[in-house]
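Following UniProt numbering, the numbering of the sequence shown begins with 1 at its first residue and continues without gaps.
A virtual CB, placed ideally from N, CA and C, is assigned to each residue, including glycine.
What you are looking at is a predicted structure, and each value in this text was computed from that prediction instead of being measured.
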Amino acid sequence: MKRKTLNLGGRLFSLEKPVVMGIMNITPDSFYSGSRLSGVDSVRSRAREIVEEGGALIDVGAYSSRPNADHISAREEMERLCPALKVLRDEFSDVPVSVDTFRADVAKMCVEEYGVAIVNDISGGQLDGDMFRTVAALQVPYILMHMRGTPATMQSLTDYEDIAVDILDYFVERVGELRELGLHDIILDPGYGFSKTLEQNYELLSRQEEAFSELELPILVGISRKSMIYKLFGTTPEEALNGTTALNMYSVMHGADILRVHDVREAVEVCRIADKLGIVK
């Protein structure tokens, strides 16, 4: 049976019904211009918006993972994160916060100094060899995403024998490593848009439930306004809300427990309608 709870700092967090994670980008170069924030006032406003629209989690990131994004140092990443995390800790303490980072030292600082509840690592531990040991020592839930290479090289690494099977193998290996270290609160993220072609993204989504159900772990889907939507229609991220909503509905019908999104209200409505129809898996 799939794991349906997370231990967030001693609080039991239920995933019996799908929940929405609102994105908070503390970056000047996120692929979706509407998500870029700067300054504590914009952080406060965005946090309030996420909460008022029904978001259950806030995911804060200060390092853009889009292809060709600027590289920043760990120090600069921390300098971007700290003011935002202080606002969230002091003014929105009831809302669990996730930090989007591939660096173990950044994750450790965020958890220990600001009470961050979840670590969200786009690299699945590949870009920092200390990450698995760090999250295991911290005993915080860990979002394990699939990606090959780095954000700069990932789109050239799309050769799979069978994309669903290959990614399942990736998850099995890394989940085993994390469990050996004593971490059991693990969330799977198939990594839509990362080292996958447009066609591969849709094939993987269509097989998501069958591919990963044997691991019996929660699944996070992050497809919000991504190129797999807007390139299909020859449009832009700013025009990709309808497609995002359609794919979010498909996702919760096929095993998604957490929707990571820019547009919280629309995703919350997806979850509520799916629940009302009795189609949540």
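Item: First and last residue of the alpha helix (DSSP H) that includes Ile186?; Value: Looking at the DSSP string, Ile186 is not in any alpha helix (DSSP H); the run it does join, the beta strand (DSSP E), is Ile186 to Asp189.
Item: Starting from Thr5, trace the beta strand (DSSP E) in both directions and tell me its first and last residue.; Value: Thr5 to Leu8
Item: In this structure, what does DSSP give as the bridge partners for Val60?; Value: Met24 and Val99
Item: Taking the continuous alpha helix (DSSP H) assigned at Val270, which residues delimit it?; Value: Val264 to Leu277
Item: DSSP on Asp169, reduced to helix/strand/coil?; Value: helix
Item: When DSSP labels each residue in this structure, what does Phe13 get in the three-state scheme?; Value: strand
Item: I'd like to check one pair, Ile143 with Asp189: are the Cβ atoms closer than 7 Å?; Value: yes
Item: Once DSSP output is grouped into helix, strand and coil, what is the label at Pro261?; Value: Residue 261 is actually Val in this sequence, not Pro. Reduced to three states, the DSSP call for Val261 is strand.
Item: For the alpha helix (DSSP H) containing Tyr202, name the first residue and the last one.; Value: Leu198 to Phe212
Item: For the alpha helix (DSSP H) that Val280 lies in, which residues bound it at each end?; Value: Unbroken run through Val280: none, as it is neither H nor E.
Item: Could you name the residues that DSSP lists as bridge partners for Asn120?; Value: Asp100 and Ile143
Item: Check this for me: beta carbons of Val95 and Ile58, under 7 Å apart or not?; Value: yes
Item: Which of the three DSSP states, helix, strand or coil, is assigned to Ile50?; Value: helix
Item: Considering only the alpha carbon of each residue, which of Ile187, Ala246 and Val268 lies closest to Val172?; Value: Ile187
Item: Judging by CA-CA distance, which residue of Ser65, Val140 and His71 is the nearest neighbour of Ser123?; Value: Ser65
Item: The alpha helix (DSSP H) with Gly255 in it runs from where to where?; Value: Segment: none, Gly255 is in no alpha helix (DSSP H) and carries neither H nor E.
Item: I'd like the list of long-range same chain contacts for Thr134, defined as Cβ closer than 7 Å, with 5 residues on each side in sequence excluded.; Value: Ala104, Ala107 and Lys108
Item: Taking Cβ to Cβ, would you say Met21 is nearer than 7 Å to Ile258?; Value: yes
Item: Can you say whether Thr5 is buried or exposed, counting buried as having 16 or more other CB atoms within 10 angstroms of its CB?; Value: exposed
Item: Can you tell me whether DSSP reads Leu88 as helix, strand or coil?; Value: helix
Item: Beta-carbon within less than 6 Å of Glu210's beta-carbon, same chain only, minus the 5 sequence neighbours each way: which residues are those?; Value: none
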